[in-house]
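For reference, the structure is listed below as C-alpha coordinates.
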(Lines of atoms letter the chains of each structure in order from A and count residues from 1; the text may use other names and numbers.)
(Lines give C-alpha, C1' and ligand atoms only; values in the text may rest on other atoms or scores of the structure.)
Protein backbone atom coordinates (compact mmCIF):
# COMPACT_ATOMS: atom_id res chain seq x y z
CA UNK A 1 0.00 0.00 0.00
CA UNK A 2 1.43 3.39 -0.99
CA UNK A 3 0.34 5.83 1.67
CA UNK A 4 2.43 8.65 0.24
CA UNK A 5 5.40 7.80 2.43
CA UNK A 6 8.76 6.16 1.78
CA UNK A 7 10.59 4.37 4.59
CA UNK A 8 14.03 2.85 4.75
CA UNK A 9 16.14 1.42 7.55
CA UNK A 10 19.26 3.11 8.86
CA UNK A 11 21.91 0.94 10.49
CA UNK A 12 22.40 3.73 13.06
CA UNK A 13 20.25 4.50 16.10
CA UNK A 14 17.90 7.49 16.11
CA UNK A 15 20.36 10.02 17.54
CA UNK A 16 23.19 9.03 15.20
CA UNK A 17 20.85 8.97 12.21
CA UNK A 18 19.43 12.42 13.01
CA UNK A 19 22.96 13.81 13.33
CA UNK A 20 24.04 12.27 10.03
CA UNK A 21 20.91 13.44 8.19
CA UNK A 22 21.19 16.94 9.59
CA UNK A 23 24.83 17.17 8.52
CA UNK A 24 24.02 15.87 5.04
CA UNK A 25 21.11 18.30 4.63
CA UNK A 26 23.39 21.20 5.51
CA UNK A 27 26.16 19.83 3.28
CA UNK A 28 23.85 19.90 0.24
CA UNK A 29 22.76 23.47 0.97
CA UNK A 30 19.50 23.00 2.86
CA UNK A 31 18.80 25.01 5.98
CA UNK A 32 17.71 22.92 8.96
CA UNK A 33 14.90 24.90 10.58
CA UNK A 34 14.34 22.56 13.53
CA UNK A 35 14.60 19.09 14.93
CA UNK A 36 11.44 18.12 16.79
CA UNK A 37 11.99 15.47 19.47
CA UNK A 38 8.55 13.94 19.98
CA UNK A 39 9.76 11.44 22.60
CA UNK A 40 11.29 14.23 24.72
CA UNK A 41 8.03 16.17 24.53
CA UNK A 42 6.11 13.05 25.58
CA UNK A 43 8.42 12.60 28.59
CA UNK A 44 7.81 16.21 29.64
CA UNK A 45 4.08 15.44 29.56
CA UNK A 46 4.58 12.34 31.71
CA UNK A 47 4.09 9.97 28.76
CA UNK A 48 6.38 7.62 26.94
CA UNK A 49 6.90 6.70 23.34
CA UNK A 50 9.74 5.26 21.26
CA UNK A 51 12.48 7.68 20.27
CA UNK A 52 11.03 9.72 17.39
CA UNK A 53 12.52 12.89 15.89
CA UNK A 54 11.59 14.96 12.85
CA UNK A 55 14.13 17.05 10.96
CA UNK A 56 12.55 20.06 9.24
CA UNK A 57 14.64 21.52 6.44
CA UNK A 58 14.35 23.48 3.25
CA UNK A 59 15.97 25.43 0.49
CA UNK A 60 14.13 28.58 -0.64
CA UNK A 61 15.64 28.33 -4.13
CA UNK A 62 14.01 24.93 -4.55
CA UNK A 63 10.76 25.46 -2.62
CA UNK A 64 9.80 28.99 -3.64
CA UNK A 65 9.18 28.16 -7.32
CA UNK A 66 6.94 25.27 -6.23
CA UNK A 67 4.93 27.56 -3.94
CA UNK A 68 4.67 30.16 -6.71
CA UNK A 69 3.25 27.51 -9.03
CA UNK A 70 1.04 25.83 -6.41
CA UNK A 71 0.62 27.92 -3.23
CA UNK A 72 -1.09 25.00 -1.44
CA UNK A 73 2.18 23.03 -1.40
CA UNK A 74 3.36 25.37 1.37
CA UNK A 75 1.44 23.11 3.78
CA UNK A 76 3.98 20.37 2.94
CA UNK A 77 7.04 22.62 2.94
CA UNK A 78 9.61 22.78 4.36
CA UNK A 79 10.50 19.15 3.81
CA UNK A 80 10.72 16.68 6.69
CA UNK A 81 12.52 13.47 7.55
CA UNK A 82 11.18 11.41 10.44
CA UNK A 83 13.55 9.08 12.30
CA UNK A 84 12.08 6.60 14.75
CA UNK A 85 12.94 3.58 16.84
CA UNK A 86 10.80 0.60 15.91
CA UNK A 87 12.41 -1.79 18.41
CA UNK A 88 14.67 -3.35 15.78
CA UNK A 89 18.40 -2.66 15.32
CA UNK A 90 19.01 0.75 13.78
CA UNK A 91 16.14 3.10 13.07
CA UNK A 92 13.54 3.88 10.41
CA UNK A 93 13.72 7.00 8.25
CA UNK A 94 10.48 8.16 6.60
CA UNK A 95 9.67 11.00 4.18
CA UNK A 96 6.93 11.96 1.77
CA UNK A 97 7.01 10.22 -1.60
CA UNK A 98 7.85 12.86 -4.24
CA UNK A 99 5.58 11.16 -6.80
CA UNK A 100 2.70 11.33 -4.32
CA UNK A 101 3.28 15.06 -3.77
CA UNK A 102 3.57 15.66 -7.50
CA UNK A 103 0.21 13.95 -8.08
CA UNK A 104 -1.36 15.73 -5.11
CA UNK A 105 -0.41 19.14 -6.44
CA UNK A 106 -0.48 18.44 -10.17
CA UNK A 107 3.21 19.17 -10.61
CA UNK A 108 5.07 18.41 -13.81
CA UNK A 109 8.18 16.28 -14.22
CA UNK A 110 10.31 19.43 -14.34
CA UNK A 111 9.13 20.36 -10.83
CA UNK A 112 9.73 16.94 -9.28
CA UNK A 113 13.48 17.36 -8.69
CA UNK A 114 12.98 19.76 -5.79
CA UNK A 115 10.87 17.14 -3.99
CA UNK A 116 13.61 14.51 -4.17
CA UNK A 117 15.75 16.17 -1.48
CA UNK A 118 14.72 13.87 1.40
CA UNK A 119 15.57 10.74 -0.58
CA UNK A 120 18.91 12.18 -1.66
CA UNK A 121 19.77 13.17 1.90
CA UNK A 122 18.70 9.78 3.29
CA UNK A 123 20.73 7.92 0.66
CA UNK A 124 23.91 9.33 2.19
CA UNK A 125 23.33 7.33 5.39
CA UNK A 126 24.89 4.16 4.12
CA UNK A 127 26.81 5.54 1.17
CA UNK A 128 23.99 4.94 -1.31
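Numbering (our numbering), first residue to last: 620 to 747.
Even for Gly, the Cβ is constructed at its ideal location relative to N, Cα and C.
Measure how close the beta-carbons of residue 680 and residue 623 come, nearest whole angstrom, since I'm counting them as under 8 Å.
-> In fact, because the Cβ distance is near 25 Å, the residues do not count as touching under 8 Å.
Leaving out five residues before and five after residue 630 in sequence, what residues of the same chain have Cβ atoms less than 8 Å from its Cβ?
-> Taking C-beta separations shorter than 8 Å and ignoring five residues to either side along the sequence, the partners of residue 630 in its chain run 708, 709, 744 and 745, following chain order.
Can you give the Cα-Cα distance for residue 692 and residue 634, rounded to whole angstroms?
-> 29 Å
Go ahead and pull the three-state DSSP assignment for residue 648.
-> coil
Residues near residue 712 by beta carbon distance below 8 Å, same chain, minus five either side = Same-chain partners within the cutoff: 626, 627, 628, 629, 636, 640, 700, 701, 702, 741 and 744.
DSSP three-state call for residue 742: helix, strand or coil?
-> helix
Secondary structure at residue 631, three-state DSSP: helix, strand or coil?
-> coil
From which residue to which residue does the alpha helix (DSSP H) around residue 677 run?
-> Unbroken run through residue 677 is the beta strand (DSSP E), 671-677; no alpha helix (DSSP H).
For residue 732, which of helix, strand or coil comes out of DSSP?
-> helix
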